[in-house]
Amino acid sequence: MSTPPAPRGAWTGDVRALLALEWRRERRAPQVLPTMVLFSIGVFVLFRFGLQDGRVDGPLAAGVLLVTTLLAALLGIGRLWAAEEDEGGLDAFRLTPASASALVAAKALALWSFLLVLHLVAVPAFAFLLLRDGLDVGALPTVAGALVLCDLGIAVTGALVGSIAAAARSRELLVPLMAVPLLIPLIALASEALSPVLTSPQDVVEGRWWTALALYDGVFLLVSWAVSDGIVED
Amino acid sequence: MPYARRILPLTAVTIAIVLAWIVVSAAVVPTDATEGVRQKLTYLHPAFAIITLIAFVAGAFFAWQHLKHDRPIDDLRSYVAIHQAQNFCLIALITGGIWGRAAWGVWWDWGEPVLVTFLIIFLLYATYQPMRFAIEDPERQARTASVFAVSAGIFAPVCFGVVRLTTNLLHPQPLDDPASNLPGTAGLAFGLSVLALGALFVTLWHLEIVHKSTRIRVRQLQRKVEGEDAVPVVARASSPVTL
Amino acid sequence: MPPEAAPPTAGLAGPDRAAPAIVLDGLVRRRGERVVLREVSVIVPAGATVALLGPNGAGKSTLLRVLAGLMRPMGGVCRVLGHELPDGRHDLRGRVGYLAHEPMLYRDLTVRENLAHRARLLRVADPAGRVRELLEATDLVRRADFPVHALSRGLTQRTTAAATLLSDPELLLLDEPLANLDPSASARLGALLGPRPAVPAPASPGAGPAARPARTRVIAGHDPEAALAESDIVVGLRDGAVTLLATPDTVGPDQIAALYA
Numbered sequence: 000m001s002t003p004p005a006p007r008g009a010w011t012g013d014v015r016a017l018l019a020l021e022w023r024r025e026r027r028a029p030q031v032l033p034t035m036v037l038f039s040i041g042v043f044v045l046f047r048f049g050l051q052d053g054r055v056d057g058p059l060a061a062g063v064l065l066v067t068t069l070l071a072a073l074l075g076i077g078r079l080w081a082a083e084e085d086e087g088g089l090d091a092f093r094l095t096p097a098s099a100s101a102l103v104a105a106k107a108l109a110l111w112s113f114l115l116v117l118h119l120v121a122v123p124a125f126a127f128l129l130l131r132d133g134l135d136v137g138a139l140p141t142v143a144g145a146l147v148l149c150d151l152g153i154a155v156t157g158a159l160v161g162s163i164a165a166a167a168r169s170r171e172l173l174v175p176l177m178a179v180p181l182l183i184p185l186i187a188l189a190s191e192a193l194s195p196v197l198t199s200p201q202d203v204v205e206g207r208w209w210t211a212l213a214l215y216d217g218v219f220l221l222v223s224w225a226v227s228d229g230i231v232e233d
Numbered sequence: 000m001p002y003a004r005r006i007l008p009l010t011a012v013t014i015a016i017v018l019a020w021i022v023v024s025a026a027v028v029p030t031d032a033t034e035g036v037r038q039k040l041t042y043l044h045p046a047f048a049i050i051t052l053i054a055f056v057a058g059a060f061f062a063w064q065h066l067k068h069d070r071p072i073d074d075l076r077s078y079v080a081i082h083q084a085q086n087f088c089l090i091a092l093i094t095g096g097i098w099g100r101a102a103w104g105v106w107w108d109w110g111e112p113v114l115v116t117f118l119i120i121f122l123l124y125a126t127y128q129p130m131r132f133a134i135e136d137p138e139r140q141a142r143t144a145s146v147f148a149v150s151a152g153i154f155a156p157v158c159f160g161v162v163r164l165t166t167n168l169l170h171p172q173p174l175d176d177p178a179s180n181l182p183g184t185a186g187l188a189f190g191l192s193v194l195a196l197g198a199l200f201v202t203l204w205h206l207e208i209v210h211k212s213t214r215i216r217v218r219q220l221q222r223k224v225e226g227e228d229a230v231p232v233v234a235r236a237s238s239p240v241t242l
Numbered sequence: 000m001p002p003e004a005a006p007p008t009a010g011l012a013g014p015d016r017a018a019p020a021i022v023l024d025g026l027v028r029r030r031g032e033r034v035v036l037r038e039v040s041v042i043v044p045a046g047a048t049v050a051l052l053g054p055n056g057a058g059k060s061t062l063l064r065v066l067a068g069l070m071r072p073m074g075g076v077c078r079v080l081g082h083e084l085p086d087g088r089h090d091l092r093g094r095v096g097y098l099a100h101e102p103m104l105y106r107d108l109t110v111r112e113n114l115a116h117r118a119r120l121l122r123v124a125d126p127a128g129r130v131r132e133l134l135e136a137t138d139l140v141r142r143a144d145f146p147v148h149a150l151s152r153g154l155t156q157r158t159t160a161a162a163t164l165l166s167d168p169e170l171l172l173l174d175e176p177l178a179n180l181d182p183s184a185s186a187r188l189g190a191l192l193g194p195r196p197a198v199p200a201p202a203s204p205g206a207g208p209a210a211r212p213a214r215t216r217v218i219a220g221h222d223p224e225a226a227l228a229e230s231d232i233v234v235g236l237r238d239g240a241v242t243l244l245a246t247p248d249t250v251g252p253d254q255i256a257a258l259y260a
């Protein structure tokens, strides 16, 4: 918005540097990823018992997988801006010419990549532990597509919610309160896109769910971009 | 202070419209043969829902102005719009339940997109005050609240669209349906209900803004008289604005 | 504000009166209902050093944050390095070094990683070279690959100082820069963060070092004697208002005592 014209490619360069920093910090002191993975698998086991040794398919399977993803994501969202807030990284960032939207974009990309890595582990675990007929190889592209779009939505919304919550004292309490209602429509759409391929015999996913998922992601991308100055500036 | 000056005429207009609405819906519109008086509640729920949605979007608009121009008055406008809209949202939910009971015999129906959307929006906006008052620095509080208000204000219509897409529309939508055979006077009553609640909202919005700014002014004067440290700072409030 | 109404400069006859580094005229900053800075008016010539004194809660840190472009002024004129704040704050980025109380470093990353990341965002021309240069200058080479959380407070302070100097800023805003430091580190850092005259443009391109402006400094602290010794202007803040504005040679011990009374 009021950011001065930066040299060409500076924005993407900043995003890349900030994203690399997120991953470097995660590698140096693994916190978010192991927590999300362990939590997801724990919840799958929990469902196994909660559903009385039952296996799931169709909408129920989609719901279990997506709600577990959402709950795991909440853990990551709570940590996303913690270092900026607690260690003063936000002030340091604001003294540099990098634009606020680059930081928000890097945060969203970091969370997106964490969630994608989470699903690399969690989806096979889910298929093995809970899915009635296992996962068909033919269904993989659809599952992957739906999860990539769903994760993007969670990541963008999460970056926004995380930044709002980070300013507050009760960060851990606020993240689930704000993120859950904001993500209900996203989970509803992703569930519609996922459940046909988790049913046996498989069904075809209606095109409108893909469009709606992409639109939801797009709207929140725009919102995050528009308010990024408000998040980072004082 | 133009806000205070507008309160009296606004109140008069609101009373006039509300009276007209009551007269039309009670006396002019024929009472439904099967539903009886309960059917008249039909005019309450959609009107509350419409005004609530507009109010949340207005809150987002003021919040956007606040982020752009950094004027505390815009934060106050947004804060009060959201606060009033929360009350309207709660009433929309309750009247929606009553409407559902009257129309389909159930208090709650997951197939009714307006009701479901308003539950989600209500849950989201219920976090506005806890979020806001958990932030210690007042300027940061105002700015973060504006970020929230803009995001939530855009989310509300999106949420409605998605819920509408994913719920199975089993029930008739009498007021959306152009082919519905409601008598023309019912349309008038419906229009009046939206107008009346809109006027009520605007009046209440002015009233709360004036109330809040007067309270701040009183505290300022109290500080002048009794000294800077005599009056503790209010932690749970919008940006301190005196009109 | 009428442009003629020149705020006081403590009678300083600097050579750069035409282009002051900082112009404050009636600067106001509130925190909610409380006024933190009330009508602060000071002109600081380029290259000058300001000692910012005052008791706890007087508004010193707030003033530094406003000057750094981290907080918006809410009234009055605030011009820093020729840019009107708050609108021009983006143009200040990289030209102002702010050394705060908090280290502003990522604790899990090493000293070198922290500096390299900051240098990258500050668009420093040769980040690796500049980081090496500053590691040597702050005597941190041996600890360069230690994570910040493993450093003592003094070493953390040195890292913070190195980070502040990465972009070779024209304006240094220092909030108790020598706190937590032993005498030798204090001397080393004091020199590094010290005044630096302007370098005029060389007669022919490539004939000498590139031109650079003089370094202006605002130093907040609680040690009046040290502050008077190295400053050109003394600004005393009390309850957010300027109660003392003078050159160090005219400041008496009773004025300092009154400031902290």
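Chains as they are written, first to last, in numbering that gives the first Met the number 0: chain X, 0 to 233; chain E, 0 to 242; chain G, 0 to 260. Beta carbons: idealized from backbone N, C-alpha and C, even for Gly.
Query                                                                                                                 : Result
Within-9 Å CB hit, G:Gly74 to chain E                                                                                 : no
Within-9 Å CB hit, X:Asp233 to chain G                                                                                : yes
Residue nearest to G:Ala124 in terms of C-alpha spacing, selected from G:Ser166, G:Leu26 and G:Leu150                 : G:Ser166
Among G:Leu66, G:Thr48 and G:Val43, nearest to G:Arg297 - alpha-carbon criterion                                      : Coverage of chain G is limited to positions 0 through 260, which leaves residue 297 of chain G absent and any answer about it impossible.
Members of the region 128–141 of chain E that neighbour chain G once the beta carbon cut-off is set at 8 Å            : Asp136, Pro137 and Glu138
Neighbour flag for E:Ile72 against chain G, beta carbons, 9 Å                                                         : no
X:Phe43 beta carbon less than 9 Å from that of X:Ala121                                                               : yes
Same chain, Cβ closer than 7 Å to X:Leu73, five either side skipped, listed in chain order                            : Val174, Pro175 and Ala178
Alpha-carbon to alpha-carbon, X:Cys149 and G:His116                                                                   : 31 Å
Terminal residues of the beta strand (DSSP E) in which G:Val76 lies                                                   : Gly74 to Val79
Residues bridged to G:Gly96 (per DSSP)                                                                                : G:Leu171
Residue of G:Val233, G:Leu188 and G:Val43 minimising C-alpha distance to G:Glu169                                     : G:Val43
Environment of E:Leu169 [buried if 16+ CB atoms lie within 10 Å]                                                      : Unreliable positioning characterises E:Leu169 in this predicted model, as indicated by a pLDDT of 49, which lies under 50. The coordinate reading is nonetheless provided below. E:Leu169 should be labelled exposed.
Beta carbon proximity, G:Gly68 to chain X, threshold 9 Å                                                              : yes
Ranges of the alpha helix (DSSP H) found wholly within the region 82–111 of chain X, counting only runs of at least 4 : 88–93
Neighbourhood of E:Asp176 by C-beta, 8 Å cutoff - its chain only, sequence neighbours within 5 removed                : Unreliable positioning characterises E:Asp176 in this predicted model, as indicated by a pLDDT of 45, which lies under 50. A coordinate reading is not provided.
Given 8 Å, three or more beta-carbon pairs between the region 130–140 of chain X and the region 146–163 of chain G    : no
Limits of the unbroken alpha helix (DSSP H) element including X:Arg26                                                 : Ala9 to Arg27
Beta-carbon proximity list for G:Leu192, same chain, < 7 Å, skipping 5 on both sides                                  : Ala160, Leu171, Leu173 and Pro176
Alpha-carbon to alpha-carbon, E:Glu138 and E:Trp204                                                                   : 22 Å
Option in X:Leu172, X:Val160, X:Val204 and X:Val196 with minimal Cα separation from X:Leu220                          : X:Val160
Secondary structure of X:Gly206, DSSP reduced to three states                                                         : helix
Own chain residues within Cβ distance below 8 Å of E:Trp109, not counting five before or after                        : Val115 and Thr166
Span separating the alpha-carbon of G:Lys59 from that of G:Gly74                                                      : 17 Å
6 Å Cβ shell around E:Ala3 - same chain, five flanking residues per side excluded                                     : Val209
Where the alpha helix (DSSP H) through E:Leu191 begins and ends                                                       : Gly183 to Glu225
Contact belief for E:Val224 with E:Pro71 at Cβ below 8 Å, rounded distance in angstroms                               : In fact, because the Cβ distance is near 24 Å, the residues do not count as touching under 8 Å.
Beta-carbon proximity check, X:Ser227 vs X:Ala99, cutoff 9 Å                                                          : yes
Exposed unless 16 or more other CB atoms sit within 10 angstroms - verdict on G:Arg214                                : buried
Spatial distance of X:Ala97 from G:Leu104 (CA atoms)                                                                  : 17 Å
Residue burial classification, G:Gly149 (beta-carbon count within 10 angstroms, cutoff 16)                            : According to the sequence as given, residue 149 of chain G is Ala; it is not Gly. So G:Ala149 counts as exposed.
beta-carbon X:Ala61 near the ligand FMN non-hydrogen atom, thresh 8 Å                                                 : The ligand FMN is absent from the structure shown, which contains no ligand whatsoever.
Simplified DSSP state of E:Ile153, which is helix, strand or coil                                                     : helix
For X:His118, three-class secondary structure by DSSP                                                                 : helix
Reference G:Ala186, options G:Glu229, G:Leu62 and G:Val110, closest by Cα                                             : G:Glu229
C-alpha gap between X:Val218 and E:Tyr124, whole angstroms                                                            : 19 Å
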